[in-house]
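Chemist:
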Amino acid sequence: MFSPKSTATEVAKALATQIRGKTVLITGVSPGSLGSATAMAIASQQPQRLLLCSRTMKNIHSVIADIHSVYPSTVVEPILMDLSSQKSVRAAAADVNSRISKLDVLINNAGIMSVPDRTLSEEGIEIQFATNHLGHFLFTNLILKKLQAAAKDAKKEGDTRVINLSSNGHRISPFRFSDWNFENKVVPPEERADEEAYKARGQTLEWSNG
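Heads up: the sequence shown is residues 915 to 1124, going by my numbering.
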């Protein structure tokens, strides 16, 4: 049905019955991003409500303005959330839980990569791991009851979904169980990143292989 050349809007149109009348939440929404393109595509198919998350309200309001310029009747609400901060994630989850009775679709889209220097989150966790994995894990669990409520009322199994976006990065760098927080501990060969693959992408492993 779809190919690498399929657009988000084409996919959304094909899945119109699974979007229409649904409450959808998307993380990592900013102008010109994958998140904003996803939001625009979903808005085209008359969702009941769109909740858009970003680290800054400026980013969200810019995307909301773009959506309303094309689909003015779409209900779109901003949620402020910095996934690298567990405090921010908890506050965002509390905000979501206070606004909605159920959530049909959660799209965990936000992510950062290729951080040039080792950077830690407020909790002392390497910021890419904190943002891309732990932040989404915590957020999903904190709003899980809203997903369960939607699943209970769903007409058929599979109507309620959690979608986690990833990349091919895991193919060139396995998880570092021996040094998950990048503290320059000794990393066995099987946990080291493929240096040549990184170089081919113009990236460096100065601090990532210990």
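We put the CB at the ideal spot given by N, CA and C, even for glycine.
Note that the structure is predicted; figures quoted are calculated from it, not measured.
For residue 1020, does the three-state DSSP call read helix, strand or coil?
Modeler: Sequence index remark: in the sequence shown, residue 1020 carries index 106 (1-based). Residue state, collapsed to three classes: strand.
Chemist: Per DSSP, which one or two residues make a beta bridge with residue 968?
Modeler: As a first step, residue 968 must be located in the sequence shown, where it is residue number 54. DSSP output for residue 968 lists 994 as bridge partner(s).
Chemist: Near residue 938, what residues of its chain come up, given a Cβ to Cβ distance below 6 Å and the 5 sequence neighbours on each side ignored?
Modeler: For the purposes of this step, residue 938 is identified with residue 24 of the sequence shown, where counting begins at 1. 956, 961, 964, 1019, listed in sequence order.
Chemist: Suppose the cutoff is 8 Å on Cβ atoms and the five residues either side in sequence are ignored; what does the same chain contact list for residue 1091 look like?
Modeler: Taking the first residue of the sequence shown as position 1, residue 1091 is located at position 177. Taken in chain order, the residues that qualify are 1105.
Chemist: Starting from residue 1075, follow the beta strand (DSSP E) in both directions and report where the run begins and ends.
Modeler: Position 161 of the sequence shown, counted from the first residue, corresponds to residue 1075. That run of the beta strand (DSSP E) goes 1075 to 1078.
Chemist: Determine whether the beta carbon atoms of residue 1040 and residue 1000 lie at a separation below 7 Å.
Modeler: For the purposes of this step, residue 1040 is taken as residue 126 along the sequence shown, with counting starting at 1. For the purposes of this step, residue 1000 is taken as residue 86 along the sequence shown, with counting starting at 1. Their beta carbons are not under 7 Å apart, which means residue 1040 does not touch residue 1000 by this criterion.
Chemist: When you compare only the Cα positions, how much space is there between residue 941 and residue 992?
Modeler: Position 27 of the sequence shown, counted from the start, is the residue given in the question as residue 941. Position 78 of the sequence shown, counted from the start, is the residue given in the question as residue 992. Their backbone Cα atoms lie some 10 Å apart in a straight line.
Chemist: Could you say which of 1017, 987, 1008, 1028 lies nearest to residue 1107 if we only look at CA atoms?
Modeler: To locate residue 1107, count along the sequence shown from 1; it is residue 193. Cα-wise, what sits closest to residue 1107 is 1028.
Chemist: Residues in the same chain with beta-carbon distance under 6 Å from residue 944, minus the five sequence neighbours each way, listed in chain order, please.
Modeler: Counting from 1 along the sequence shown, the entry for residue 944 is found at position 30. Excluding sequence neighbours, residue 944 sits near 968, 973.
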